[in-house]
Amino acid sequence: MKLITFEGIEGVGKSTQINLLLEWLTAKGFSAKLLREPGSTEFGEKIRNLLLSKESNISAHTELLLMFAARSEMISEHLIDSTYDFILCDRYYHASIAYQGYGRKLSLDLIDTLINGINCPSPDLTIIYDLDVKIGFQRKADDDIDRIESSGVNFFEDVRNGYK
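Residue numbers (the UniProt record's numbering): 1 to 164.
1) Provide the residue span of the beta strand (DSSP E) that contains LYS2, from first to last.
2) If you check the beta carbons only, do LEU79 and PRO121 fall under 7 Å apart?
3) Nearest CA to the CA of THR41: which residue from LYS14, ILE148, SER72 and SER56?
4) Put ARG36 into one of helix, strand or coil per three-state DSSP.
5) Kindly indicate which residue of ILE135, LEU22 and GLU55 has the alpha-carbon position closest to the one of PHE30.
6) Are there three or more Cβ pairs, one per stretch, closer than 8 Å when the region 126-141 is compared with the region 81-88?
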């Protein structure tokens, strides 16, 4: 199994590219599965709803730990012993480094400890898409904005720098 992860700020086009690659791989006869973070499991989707809800008023540390709870379930359910040729993941632990580390200003050492603590498999390839934050916001202008997306331009500038 090859794990390919896709990263970048909001509105950068990750979902479009992931779906194009998924279509191409399956057309070539490969088995491929698409995952997203947070989510991809029953438990992970419940956490996703909590994390993205505008009604959720949670601390940065709680956000980080919920991300890792969802990630741990996704790893257990979908990555360990996978029989797929390729797993494509819309965000992975690099997102926690960028969003919670650089964006929320949490300890990168803590994030690294959590990555190692839940035995995150290393991706075979990580593709990071970059885009000016203001352009990303323009692309998302017609979408419903979730709790994280409403964090503002400065937050997303920090997140973008975290991906560099």
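Where is the CB? At the ideal position from N, CA and C, for every residue including glycine.
These figures come from a predicted structure and were not determined experimentally.
Let's see:
1) Here residue 2 refers to the residue found at position 2 of the sequence shown. Here the beta strand (DSSP E) through LYS2 covers 2-7.
2) Counting from one through the sequence shown, the residue named residue 79 turns up at place 79. Counting from one through the sequence shown, the residue named residue 121 turns up at place 121. Cβ distance < 7 Å, so LEU79 and PRO121 count as in contact.
3) The count along the sequence shown starts at 1 and reaches residue 41 at position 41. It is SER72.
4) In the sequence shown, residue 36 corresponds to position 36, counting from 1. DSSP places ARG36 in strand when its eight states are reduced to three.
5) By 1-based counting over the sequence shown, the position of residue 30 is 30. It is LEU22.
6) no
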